[in-house]
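Asker: In numbering that gives the first Met the number 0, the protein residues as written are 0 to 542. The beta carbon of each residue, even a glycine, is placed where N, CA and C say it ideally should be. Before we start, here is the structure in question, set down as structure tokens.
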Amino acid sequence: METKAVLPDKSLARLSESSSDLGSPNHSATSPTTQATSTFGDQLQDALSDLPSDGNLANRLARLYDEKILVKLYRTAIKYLPPDVVLGTDLRSIKDSFKAFPEYVPQDGPDAGRYVLREAEFWTCGYFPGTLYALLERAVRFPQALNIPAVFPEQGQRPTSSSLYSHLKTLCETWAEPLHAMSGRTDTHDIGFIVMPALRRDWELTGNPRSLGSIARAARSLASRYVPSVGAIRSWDLIRKKDVEILDMDENVICIIDSLCNLDLLYYAAEHSADGERLAEIATTHAEPIMRSHLRPEKPAPPDGIAYTGQWYSTYHVAVLDPKTNSIKRQMTAQGYSDSSTWARGQAWGIMGYAQCYMATKRDEFLLASCGLAEYFIHRLETSPDCVEAAVESTGAAGTRKSATGRYVPLFDFDAPIENPAQPVWDSSAGVIAANGMLILSQALAGRQQDMLASRFREAAVRIVQDTLDFAFAPESASLVNNEKGGFSLSDPTPGQNFEAILRYGTANNNVNARKRYANHGLVYGDYYLVEFGNRLLSMGLV
């Protein structure tokens, strides 16, 4: 059968003739020029009417750079080092020592507050090393954002940024060492998630050619999973759930929405490789059929303030393609509520993935797809049941204020029934992933001089992260102190009582037929994308 990608119904070339087509409070006869100059502030205020009076991003997002983030990550990095690993020893001698990596932190039960480790082969293994490298990036590029005086409050205890850098670098290199060997894996499409968070930063911050070589090798490993007959990269080899098994690779090509965010590996390696054109072509070719197989057109709601008024999209999590006919055999979920529901983290992967694809290719259909996915995500946040909100008090530069929080922390699935209104099942990781995607999207739109819509998605991203920090940021009582060996130690007045992840209320997999169902916990990739968001803001000069 003939297959065509479902594309947004307007081209940016035509939309750029009038910014009001992309996002506007109404469709009146007021000229775009007048709207953009004399009433822009009013339009933005209408669209974002309940913003706190303190509009300074550094104040609104202060916890994004909280010293306790460094404390939590340092403790985890030291606590979960394999017992036979000694910091500062030859790195290549320890590559086989790491049998497991941090994955999630339960909020209740016997292991509450402590990381549960997952086998090193699992797709999340690269995120904790990547989060350490994100801190190293702050130490190098934005040392003021580490709040070192707050971490070491006693005079004489405070290290220099260079000594902190040296210690962080050792931890980063140690935790990242096993990732080099993994770069040759051809049994997973998640190799981008595994190597890019840590090894890209190692290459960019230190110029380590070994890391760039591992990235190039990983890209070729991912490219080996490309199936030309469907024009897509095979995500999973098989599916095993309680209610369904799909095992025959000759008859099925399984693609998941998450795959879009592994394409960044191909695009990045393409810029550093002799065969780069082929790698980039595979990435772009894969992104095209995913629009057909995973994006569901949704009717846009009437605009209330500045909004994207093109085609909106929800998403399928999984599509099974026929390698012989290139037809869609099945569309389903593996981690969401149902096959036809919108799994929040899948929607978030789509936002970020297509934004990244646009930045690499400048192809309009990818930008418009990301816009449509992002606007639908925002719509579902704002129309979620009232039970998602909780009353809190917060103190900032503007004083103490009472507010409702949780509205912009997504439910794990936007269509799942809420069984207990007193405790909905959220997924804070989905929110921070979507926020990163919207921040990239805002940069892309600014580059197309769509400034109002760029502001729309940038503010939505900030609001999501601000609400997540207010709602899900886990408190921490420990602090760091210098020790007599020239390193750092933890001073903890309540040992064993802290929550080791940065964020709570993540949900890895709440599908009723999943072989492992778990919700309401911290997630290592939720923490990574939170810290990544902070670094993006710093890079953009917004904080």
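#1: Per DSSP, what kind of secondary structure is N481 in: helix, strand or coil?
#2: Reducing DSSP to helix, strand and coil, say where M351 ends up.
#3: Measuring only the C-alpha atoms, how far is L438 from P196?
#4: Identify the continuous alpha helix (DSSP H) that holds L265 and give its terminal residues.
#5: Could you round the C-beta distance between A231 and L259 to whole angstroms and report it? I think they count as a contact, below 8 Å.
#6: By DSSP, does A61 sit in helix, in strand, or in coil?
#7: Does K168 come out as helix, strand or coil in the three-state DSSP assignment?
#8: Determine the burial state of S182: buried for a count of at least 16 other Cβ atoms within 10 Å of its Cβ, exposed for fewer.
#9: Of the residues I93, Y126, A507, which one's Cα is nearest the Cα of N519?
#10: Under the three-state reduction of DSSP, which class applies to A443: helix, strand or coil?
#11: Locate the beta strand (DSSP E) running through G255, then write down its first and last residues.
#12: Is it buried or exposed for G505, if we count other Cβ within 10 angstroms and need 16 for buried?
#13: By the 10 Å Cβ neighbour count, where 16 or more other Cβ atoms means buried, how is P227 classified, buried or exposed?
#14: Does the distance from the C-beta atom of R572 to that of Y307 stay below 8 Å?
#15: Who are the near neighbours of Q334 in its chain, counting only those whose CB is closer than 8 Å to its CB and skipping five residues on each side?
#16: Hey, how far is the Cα of S15 from the Cα of H293?
#17: Return the CA-CA distance between L537 and L131, expressed in angstroms with no decimal places.
#18: Is there at least one Cβ from chain D nearer than 8 Å to D363's Cβ?
#19: Assuming the contact rule is C-beta atoms closer than 8 Å, R233 and V252 should be a hit. Round their C-beta distance to whole Å, please.
#20: Measure the Cβ-Cβ separation of V391 and T404 and say whether it is below 8 Å.
#21: With contact counted as at least three CB pairs below 8 Å, one residue from each stretch, are the stretch 296-303 and the stretch 235-248 in contact?
#22: Run through the DSSP bridge pairs and tell me what F472 is partnered with.
#23: Distance check for D83 and P105, CA to CA, integer angstroms please.
#24: Check each candidate in T314, L264, Y528, A471 and name the one with the smallest Cα separation from L198.
#25: Tell me which same chain residues have a C-beta within less than 7 Å of the C-beta of D338, skipping the five on either side of it?
#26: In chain order, what residues of the same chain have a beta carbon less than 8 Å from the beta carbon of L479, not counting five sequence neighbours either side?
#27: What are the boundary residues of the alpha helix (DSSP H) that R379 is part of?
#28: Using a Cβ distance threshold of 8 Å, determine whether the stretch 210-219 contacts the stretch 129-146, with at least three qualifying pairs required.
#29: Report buried or exposed for L468, applying the criterion of at least 16 other Cβ atoms within 10 angstroms of its Cβ.
#30: Between which two residues does the alpha helix (DSSP H) containing L536 stretch?
#31: Quick one: residues in its chain with C-beta nearer than 6 Å to the C-beta of F470, no 5 flanking neighbours on either side, listed in chain order?
#32: Which of the three DSSP states, helix, strand or coil, is assigned to V542?
Answerer: Result, derived from the coordinates:
#1: As a working mapping, residue 481 is identified with position 482 in the sequence shown. Strand.
#2: For this step, residue 351 is matched to residue 352 along the sequence shown. Looking at M351 - three-state DSSP - the assignment turns out to be helix.
#3: Residue numbering aside, residue 438 sits at position 439 when the sequence shown is read from its first letter. Residue numbering aside, residue 196 sits at position 197 when the sequence shown is read from its first letter. Their backbone Cα atoms lie some 17 Å apart in a straight line.
#4: Taking the first residue of the sequence shown as position 1, residue 265 is located at position 266. 262-269 is the extent of the alpha helix (DSSP H) around L265.
#5: Position 232 of the sequence shown, counting from 1, holds the residue named residue 231. Position 260 of the sequence shown, counting from 1, holds the residue named residue 259. The pair is not a contact, with the Cβ atoms about 11 Å apart (cut-off 8 Å).
#6: Here residue 61 corresponds to residue number 62 of the sequence shown, with the count starting at 1. In this structure, DSSP gives A61 a helical state, which the three-state scheme calls helix.
#7: For the purposes of this step, residue 168 is identified with residue 169 of the sequence shown, where counting begins at 1. Helix, per DSSP.
#8: Here residue 182 is taken as the residue at index 183 of the sequence shown, counted from 1. Residue environment: S182 is assigned as buried (16 or more neighbouring CB atoms within 10 Å of its CB, all protein chains considered).
#9: To locate residue 519, count along the sequence shown from 1; it is residue 520. Checked all of I93, Y126, A507; the closest Cα to N519 is A507.
#10: What you label residue 443 is simply residue 444 of the sequence shown in a count that begins at 1. Helix, per DSSP.
#11: Reading the sequence shown from its first residue, position 256 is the one you call residue 255. The sequence shown places Ile at residue 255, not Gly. For I255, the uninterrupted beta strand (DSSP E) segment begins and ends at 252-255.
#12: Mapped onto the sequence shown, residue 505 falls at position 506. Counting the other CB atoms within 10 Å of its CB gives G505 a total of 16 or more, which places it among the buried residues.
#13: The residue you call residue 227 lines up with position 228 of the sequence shown. Burial check for P227: the Cβ neighbour count within 10 Å stays below 16, so the residue is exposed.
#14: This structure cannot settle anything about residue 572, because the visible part of the chain is limited to 0 through 542.
#15: The sequence position of residue 334 within the sequence shown is 335, counting from 1. Excluding residues within five positions, the ones whose Cβ falls inside 8 Å are H316, W342, R344, G345, A507, N508, N509, N510, A513.
#16: Taking the sequence shown and counting its residues from 1, the one referred to as residue 15 is at position 16. Taking the sequence shown and counting its residues from 1, the one referred to as residue 293 is at position 294. Low confidence applies here, because S15 scores a pLDDT of 39, under 50, leaving its location unreliable; read the following figure in that light. So the alpha carbons of these two residues sit roughly 27 Å apart.
#17: Locating residue 537 in the sequence shown gives position 538, where the first residue counts as 1. Locating residue 131 in the sequence shown gives position 132, where the first residue counts as 1. L537 and L131: Cα-Cα distance of roughly 17 Å.
#18: Here chain D cannot be found, since the structure has a single protein chain.
#19: Reading the sequence shown from its first residue, position 234 is the one you call residue 233. Reading the sequence shown from its first residue, position 253 is the one you call residue 252. That pair is a contact at about 5 Å.
#20: For the purposes of this step, residue 391 is taken as residue 392 along the sequence shown, with counting starting at 1. For the purposes of this step, residue 404 is taken as residue 405 along the sequence shown, with counting starting at 1. Contact check for V391 against T404 passes: the beta carbons are separated by less than 8 Å.
#21: Judged by Cβ distances under 8 Å, the stretch 296-303 makes no contact with the stretch 235-248, as fewer than three pairs qualify.
#22: If you number the sequence shown from 1, residue 472 lands on position 473. BP columns for F472 point to L502.
#23: Stepping through the sequence shown from its first residue, residue 105 is reached at position 106. Stepping through the sequence shown from its first residue, residue 83 is reached at position 84. Roughly 27 Å separates the two Cα atoms.
#24: If you number the sequence shown from 1, residue 198 lands on position 199. Answer by Cα proximity: L264.
#25: Mapped onto the sequence shown, residue 338 falls at position 339. So the qualifying residues of the chain are Q330, M331, T332.
#26: The count along the sequence shown starts at 1 and reaches residue 479 at position 480. If you ignore the 5 residues before and after L479, its C-beta comes within less than 8 Å of the C-beta of L69, V70, Y73, V150, F151, F487, S488, L489, S490, all in its own chain and listed in chain order.
#27: Translated into positions along the sequence shown, residue 379 becomes position 380. Its alpha helix (DSSP H) spans residues 363-381.
#28: No, they do not touch.
#29: As a position in the sequence shown, residue 468 is number 469, starting the count at 1. L468 counts as buried, since no fewer than 16 other beta carbons sit within 10 angstroms of its beta carbon.
#30: Reading the sequence shown from its first residue, position 537 is the one you call residue 536. Element bounds for L536: 523-539.
#31: Here residue 470 corresponds to residue number 471 of the sequence shown, with the count starting at 1. Sequence-distant Cβ neighbours of F470 in its own chain, meaning closer than 6 Å and more than five residues away, are T404, G405, V408.
#32: As a first step, residue 542 must be located in the sequence shown, where it is residue number 543. Shown here, V542 sits in coil according to DSSP, grouped into three states, outside any helix or strand.
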